[in-house]
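In the working numbering, the protein residues as written are 278 to 691. Even for Gly, the Cβ is constructed at its ideal location relative to N, Cα and C.
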Ligand SMILES: Cc1cc2nc3c(=O)[nH]c(=O)nc-3n(C[C@H](O)[C@H](O)[C@H](O)COP(=O)(O)OP(=O)(O)OC[C@H]3O[C@@H](n4cnc5c(N)ncnc54)[C@H](O)[C@@H]3O)c2cc1C
């Protein structure tokens, strides 16, 4: 079967790319090895898909070249996607920090993308395992050109694919196979293998937007807090800069999770400490002084329980400090409280890995592809879009916006 464009991977970026190319009049096939397309869209945002973010900035992305994402994000913006969502009369709301979620279900977004693909007459094929991708090299193509009496363009058959659904050929091949997170949802290293096959540079990959695991005495101490959530500020050093996020964190049976932890995991390196401020909008010394001035005689634990979950306060403080009336706290006690509430540091033993990570950090080096068209500089006709590239967004709709924007730009260019 011959197509102008074949897109491998029917996730967020692949669907957007295929729909855009199809609507430009290209004959497009979208192939996926899974039994359904868009599985991550369906499970995203707790089933409601946080499909974009209204306060998007290029600085919300991590990439070895911080300028790489700017072009696509400005050519297909969050407002373009919101306009598409409005056109399909999908209701949505802002949850927090500009994050837009469907009122109903993530499936609304997937059905919208399918409808956009149908508009472009995209042939969608699932359960299709790709066993090989071959590119006609330049010398083969010159021979074909020389013997080509009809004058058809040899570039038309630039790529040949062997698959479980038969043989395919195409002029442009788009790799939108995503990253490695959640293998049970169809994630694979396919895109990285193709990059290697064609001699493109790869950056090391790791699970990100992922919970931290703890071990030893800290796991033992904190396990009873599983299920407790606290608004706090988390920070760590990254390339000589202090990175901080002020959001909720959650204690779990295995360690630490919640939005603030997932956000900082994008910047964290194994072996590095993470600092927690559990009272980011207060100052514990000032609070204690205030309580004292008010003549308050209560124990510290009761006063702090007005500010923090009771279960947390009872475990966090040593029995000795916890039961002291606030008037009797010594200077040393207050110094310790400052440390434990505003500057608590821990070195996580690791992360939960690809099993629960939302994204893969790293990937195909962006030096290898055009930031405008997403075509590989060394391999004409080969494109890479979405998460397979070394572009990772913060939590909050940024990763989908990258998928929509890169897919759209490549779709215009193929
Ligand atoms: C649990 C979870 C929740 C998330 N929530 C959000 C959210 O609310 N907002 C947000 O912005 N981001 C969210 N993300 C991240 C977001 O889902 C991804 O960044 C985004 O889906 C990447 O799009 P993609 O098209 O590059 O890859 P994917 O969406 O992963 O699509 C890749 C596709 O390629 C297919 N594929 C893989 N290998 C092969 C192969 N060998 N052959 C054929 N097909 C193949 C897969 O089956 C899949 O359909 C979430 C991720 C997870 C895991």
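Boundaries of the alpha helix (DSSP H) in which residue 474 is found, first to last residue: 467-474
Where residue 565 falls, given that 16 or more other Cβ within 10 Å makes a residue buried: Buried, because 16 or more other Cβ atoms sit within 10 Å of the Cβ of residue 565.
Boundaries (first-last residue) of the beta strand (DSSP E) holding residue 378: According to the DSSP assignment, residue 378 belongs to the beta strand (DSSP E) that extends over 376-379.
For residue 640: DSSP bridge partner residues: Beta-bridge pairing links residue 640 to 480.
Any non-hydrogen atom of ligand 1 closer than 7 angstroms to residue 317 Cβ: yes
Cut-off 7 angstroms between Cβ atoms - residues of its own chain near residue 716, not counting five sequence neighbours on either side: Nothing can be reported for residue 716, as the shown portion of the chain is limited to 278 through 691.
Heavy atom of ligand 1 within 7 angstroms of residue 640 beta-carbon: Outside the cutoff, so no.
Residue 386 to residue 327 span [Cα, whole Å]: Answer to the nearest angstrom: the Cα atoms are 10 angstroms apart.
Residue 543: CB within 7 angstroms of a non-hydrogen atom of ligand 1: Answer for residue 543: no, Cβ out of range of ligand 1.
3-residue-minimum beta strand (DSSP E) runs that sit fully inside the region 516-602, ordered along the chain: 518-528, 532-534, 551-554
Inter-stretch contact (C-beta, 8 angstroms, three-pair minimum) for the region 643-658 and the region 497-510: Counting C-beta pairs with one atom in each stretch, the region 643-658 and the region 497-510 have fewer than three that are closer than 8 angstroms, which means they do not touch.
Reduced DSSP secondary structure (H/G/I, E/B, other) of residue 510: Note: residue 510 maps to strand in three-state DSSP.
Alpha-carbon spacing of residue 520 relative to residue 334, whole angstroms: 16 angstroms
Integer-rounded CB distance, given that residue 603 should sit under 8 angstroms from residue 580: Between the beta-carbon of residue 580 and that of residue 603 there is about 6 angstroms, and that keeps the pair under the 8 angstroms contact cut.
Through-space distance from residue 305 to residue 473, alpha-carbon basis: If you take the alpha carbons of residue 473 and residue 305, they lie about 25 angstroms apart.
Distance, residue 682 Cα to residue 294 Cα: 9 angstroms
From 364, 478, 582, residue whose alpha carbon lies closest to that of residue 341: 478
Any non-hydrogen atom of ligand 1 within 7 angstroms of residue 676 CB: Yes, the beta carbon of residue 676 sits closer than 7 angstroms to at least one heavy atom of ligand 1.
Expected contact under 8 angstroms - CB spacing of residue 523 and residue 403 to nearest Å: With a contact defined as Cβ atoms closer than 8 angstroms, residue 523 and residue 403 miss out at about 42 angstroms.
Residues of its chain near residue 515, where Cβ-Cβ distance is below 7 angstroms and the 5 sequence neighbours each way are ignored: 544
Buried versus exposed, by CB contacts within 10 Å (16 or more), residue 288: buried
Backbone secondary structure at residue 394 - three-state DSSP: helix
Proximal residues to residue 427 (C-beta, below 8 angstroms), its chain only, five neighbours per side dropped: Residue placement at residue 427 is flagged as unreliable, the pLDDT there being 44, under the threshold of 50; a coordinate-derived value is accordingly withheld.
Nearest-angstrom Cα separation, counted from residue 330 out to residue 424: Because the pLDDT at residue 424 is just 47, under 50, the model does not fix this residue reliably, and the value given afterwards should be weighed accordingly. Rounded to whole angstroms, residue 424 to residue 330 spans 53 angstroms at the Cα level.
Which residues DSSP lists as bridging residue 411, in chain order: 437
C-beta contact flag for residue 296 and residue 400 at 8 angstroms: no
Residue(s) in a DSSP beta bridge with residue 401: 307.
Span separating the alpha-carbon of residue 467 from that of residue 539: 25 angstroms
Coil, strand or helix - residue 651 by DSSP: Coil, per DSSP.
Given 8 angstroms, three or more beta-carbon pairs between the region 278-292 and the region 352-369: no
Same chain, Cβ closer than 8 angstroms to residue 549, five either side skipped, listed in chain order: 513, 514, 624
With 16 other Cβ atoms within 10 Å as the buried cut-off, status of residue 667: buried
Cβ-Cβ distance between residue 451 and residue 691 below 8 angstroms: yes
Check: residue 309 C-beta below 7 angstroms from any heavy atom of ligand 1: Within the cutoff, so yes.
Residue 467 beta carbon near ligand 1 (any heavy atom closer than 7 angstroms): yes
Stretch pair the region 314-324 + the region 612-624: three plus CB contacts closer than 8 angstroms: no
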